[in-house]
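Participant: Here it is: the structure, laid out below.
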Amino acid sequence: MIPISWVFFLSLSLFTIGVFGVLARRNLLFILISLELMLNAVVIVFIAASRYHSASTANSDGQIMYLLVLTLAASEIAVGLSLVIHMYRQHHHLDIDKLNKLRD
Amino acid sequence: MLETIFIITAAIILISALLTITAHNVVHALLYLVVTMLAISLIFFILGASFAAALQIIVYAGAIMVLFIFVTMMLHQGEKSLAQERHLFHFTTSITALTLSSLLFFELIYMLFFTSADTANSMVTAQSSAIITVKDIGKQLYGPYSLLVVISALMLLSALITAIHISKSPATIQIKAKGDNL
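Those protein sequence lines, which keep their order, are chains A and B. Take the position in the first sequence, starting the count at 1, then add 24; the result is the number in this note's numbering. Take the position in the second sequence, starting the count at 1, then add 657; the result is the number in this note's numbering.
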């Protein structure tokens, strides 16, 4: 028997680690990796909550939302990595702080 | 017994996630990320969602990681990009981010443990209810959730078109434009 607050604690710690990664890293690839971590933290809450609300009957809503988030993550990574390749072709590095051409 | 496994797995997840976002080498970060994904799938198994756990291994640790590793293979330049990364990310540049995210962390901890009393006592476990089979999920997906399948299909299609369009090299586009003018 696992208290649901343990699962929530795990998920929010993982989410905070992902937030730190997005804020602190300046490499575009690492930002995408941190986004993956944050999506996974959200998914853990979905599945734990659907498990918690299925005391008498089987409840598969959490796994269906997991499928949606999985599709979202796959498409996000496809678009993000193609942007990474494009940026590397144009600038020959992945520092997002150098992407200020519109400002100048 | 289940609690011990849960705690060990959660510790593995948190440690490898921390190592992922603090690594300087992209390949090391990706390997730590694979460890994180596998441990998360173990958490899903403990929570009784076996289909989600299998998908986590197949899609995340399989497909998405391979995508990342292919891109890293194309872009990584060994010692040069390592030195660049060391210049981009070190401890002194990330103090502000650390402060902000630890503030968020303590807020969430406060919300979870110090505001409501009923969440701390509620239990969730694998043996609490009937086992969810893949058949149940399929019935749900093509019954009340059929709009979700359509939305996922549209999302994947648009991502496919976007990825092909963005990653097309500029030289090919110019040649194409010249051909169109002729």
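Using N, Cα and C, we set each Cβ at its ideal position, and we do this for glycine too.
Going by other Cβ atoms of all chains shown within 10 Å of its Cβ, with 16 needed for buried, is B/M730 buried or exposed?
Facilitator: To locate residue 730 of chain B, count along the second sequence from 1; it is residue 73. Answer is exposed; the Cβ neighbour count stays below 16.
Participant: Suppose the cutoff is 6 angstroms on Cβ atoms and the five residues either side in sequence are ignored; what does the same chain contact list for B/L755 look like?
Facilitator: For the purposes of this step, residue 755 of chain B is taken as residue 98 along the second sequence, with counting starting at 1. Excluding positions up to five away in sequence, the list is empty.
Participant: Tell me A/D119's beta-bridge partners as DSSP assigns them.
Facilitator: Against the first sequence, residue 119 of chain A aligns to sequence position 95. Looking at the DSSP assignment, A/D119 forms a beta bridge with A/N51.
Participant: Examine chain A for any beta-carbon lying closer than 8 angstroms to the beta-carbon of B/I802, and answer yes or no.
Facilitator: In the second sequence, the residue the question calls residue 802 of chain B occupies position 145. The sequence given here has Tyr at residue 802 of chain B, not Ile. Cβ-Cβ to chain A under 8 angstroms: yes for B/Y802.
Participant: Relative to the C-alpha of A/R113, which candidate in B/I662, B/L659, B/S826 has its C-alpha closest?
Facilitator: Stepping through the first sequence from its first residue, residue 113 of chain A is reached at position 89. Comparing Cα positions, the closest option is B/S826.
Participant: DSSP three-state label for B/I823, please.
Facilitator: Counting from 1 along the second sequence, the entry for residue 823 of chain B is found at position 166. Looking at B/I823 - three-state DSSP - the assignment turns out to be helix.
Participant: List the residues of chain A whose Cβ lies closer than 8 angstroms to the Cβ of B/A718, in chain order.
Facilitator: Reading the second sequence from its first residue, position 61 is the one you call residue 718 of chain B. Chain A residues near B/A718: none, gap ~11 angstroms exceeds 8 angstroms.
Participant: In terms of alpha-carbon separation, which member of A/L105, A/I68, A/E60, A/F70 lies closest to B/V600?
Facilitator: Nothing can be reported for residue 600 of chain B, as the shown portion of chain B is limited to 658 through 839.
Participant: 8 angstroms is my cut-off, CB to CB: does A/L36 come that close to chain B?
Facilitator: Mapped onto the first sequence, residue 36 of chain A falls at position 12. Interface residue, yes.
Participant: For the region 660 to 678 of chain B, list every residue whose C-beta sits within 7 angstroms of some C-beta in chain A, in sequence order.
Facilitator: Residues passing the 7 angstroms Cβ filter: E660, F663, A667, I670, L671, A674, L675, T677, I678.
Participant: Taking 8 angstroms as the threshold (beta carbon to beta carbon), is A/L123 in contact with chain B?
Facilitator: Residue numbering aside, residue 123 of chain A sits at position 99 when the first sequence is read from its first letter. It does not; no Cβ of chain B falls within 8 angstroms.
Participant: Please determine, among B/G735, B/Q734, B/V723, B/A711, the residue with the shortest C-alpha to C-alpha distance to A/L91.
Facilitator: Translated into the one-based positions of the first sequence, residue 91 of chain A becomes position 67. Closest by alpha carbon: B/A711.
Participant: Could you say which of B/A720, B/H744, B/K737 lies nearest to A/I101 if we only look at CA atoms?
Facilitator: Counting from 1 along the first sequence, the entry for residue 101 of chain A is found at position 77. Comparing Cα positions, the closest option is B/A720.
Participant: With 16 other CB atoms within 10 Å as the buried threshold, where does B/Q713 fall?
Facilitator: Numbered from its first residue, the second sequence carries residue 713 of chain B at position 56. By the 10 Å Cβ count, B/Q713 comes out buried.
Participant: If the cut-off is 9 angstroms on Cβ atoms, which residues from the region 31 to 57 of chain A count as contacting chain B, listed in chain order?
Facilitator: Within the region 31 to 57 of chain A, the residues whose Cβ lies closer than 9 angstroms to some Cβ of chain B are V31, F32, F33, L34, L36, S37, L38, F39, T40, I41, G42, V43, F44, G45, V46, L47, A48, R49, R50, N51, L53, F54, L56, I57, listed in chain order.
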